[in-house]
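Colleague:
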Amino acid sequence: MMDDKKKMVPRIRFRGFEDAWEQRKLKSFGQVLMNKRIFKQETSENGEIPFYKIGTFGKKADAFISKELFNTYKKKYPYPKVGDILISAAGTLGRTIEYQGEDAYYQDSNIVWFNHDENLLNSFLKFFYQTLSWNKSEGSTIKRLYNKDILNLWITVPTVEEQAKVGLLLKRLDNLIVANEKKGQQLKSLKKLFMEKIFSRSWRFKGFSDPWEQRKCFEVERFV
Numbered sequence: 000m001m002d003d004k005k006k007m008v009p010r011i012r013f014r015g016f017e018d019a020w021e022q023r024k025l026k027s028f029g030q031v032l033m034n035k036r037i038f039k040q041e042t043s044e045n046g047e048i049p050f051y052k053i054g055t056f057g058k059k060a061d062a063f064i065s066k067e068l069f070n071t072y073k074k075k076y077p078y079p080k081v082g083d084i085l086i087s088a089a090g091t092l093g094r095t096i097e098y099q100g101e102d103a104y105y106q107d108s109n110i111v112w113f114n115h116d117e118n119l120l121n122s123f124l125k126f127f128y129q130t131l132s133w134n135k136s137e138g139s140t141i142k143r144l145y146n147k148d149i150l151n152l153w154i155t156v157p158t159v160e161e162q163a164k165v166g167l168l169l170k171r172l173d174n175l176i177v178a179n180e181k182k183g184q185q186l187k188s189l190k191k192l193f194m195e196k197i198f199s200r201s202w203r204f205k206g207f208s209d210p211w212e213q214r215k216c217f218e219v220e221r222f223v
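The sequence shown begins at 0 in numbering that gives the first Met the number 0 and counts up one residue at a time.
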């Protein structure tokens, strides 16, 4: 078993950074937190504040709590800060959402976040989570993420300044991927439109006016 801290120097670095990265357990940075438990009788199908259960995490909420209860619990009990990375601890494990500051409440123990000190940035932690398979060392799949499973994770971290650089780079790549996916969808839609126009003969290339011939495929094959 390695020590609580182990240093390493990556081969590829941002220019200007030379400090070694430290390998530490997450628990050395902070603790796992969750929202106060909400009971079924405290929810409704319509309401002011969306309440996300594990089945609606990252989707559209199908349950709500009152604004009064939300304000009371948000003030008295743990609540995520803007930028905190919410993580699914049940169902499909390890799904993450970056909390943007919206009024919402989350199912206790099933949706948690890691509350850490200033030596770890959420922008870095977010992408670290994406590298994990959430499997136990012996190879059996975890059915549920407990606090200890998260706290005992090993993470290799650089200085806060380099963490910020890493997080920004990966975020820009994510944005680029999304932009290209949207562009790909637009091109597919454009292709579909052209095919409909062309094969319905409602659109022609300039300079072509001869009528199209309708023939059987086997007749065309004879000329190939």
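Ideal Cβ placement from N, Cα and C applies to all residues, glycine included. None of these values were measured; they are calculated from a predicted model.
With the cut-off set at 9 Å, would you say Lys58 and Glu97 are in Cβ contact?
Modeller: no
Colleague: Take Gly100 as the anchor and find which of Lys73, Leu119, Glu21 has the nearest alpha-carbon.
Modeller: Lys73
Colleague: Just the Cα atoms here: how many angstroms apart are Arg203 and Ile176?
Modeller: 35 Å
Colleague: Using only alpha-carbon positions, find the residue among Arg171, Phe198, Trp112, Gln184 that is nearest to Gln30.
Modeller: Trp112
Colleague: Suppose contacts are defined by Cβ-Cβ distances below 9 Å. Is Gly166 in contact with Phe123 by that definition?
Modeller: Yes, these two residues count as a Cβ contact at 9 Å.
Colleague: The beta strand (DSSP E) spanning Thr91 covers which residue range?
Modeller: Element bounds for Thr91: n/a, residue is neither H nor E.
Colleague: By Cβ distance below 8 Å, which residues in the same chain neighbour Leu85 in space, the five residues on each side in sequence not counted?
Modeller: Closer than 8 Å at Cβ, skipping near neighbours: Phe56, Pro79, Thr95, Ile96, Glu97, Tyr98, Tyr105, Ile110, Val111, Trp112.
Colleague: Indicate whether Glu44 and Ala62 have their beta-carbon atoms separated by less than 9 Å.
Modeller: yes
Colleague: Considering only the alpha carbon of each residue, which of Leu32, Val156, Ile64, Leu192 lies closest to Lys24?
Modeller: Val156
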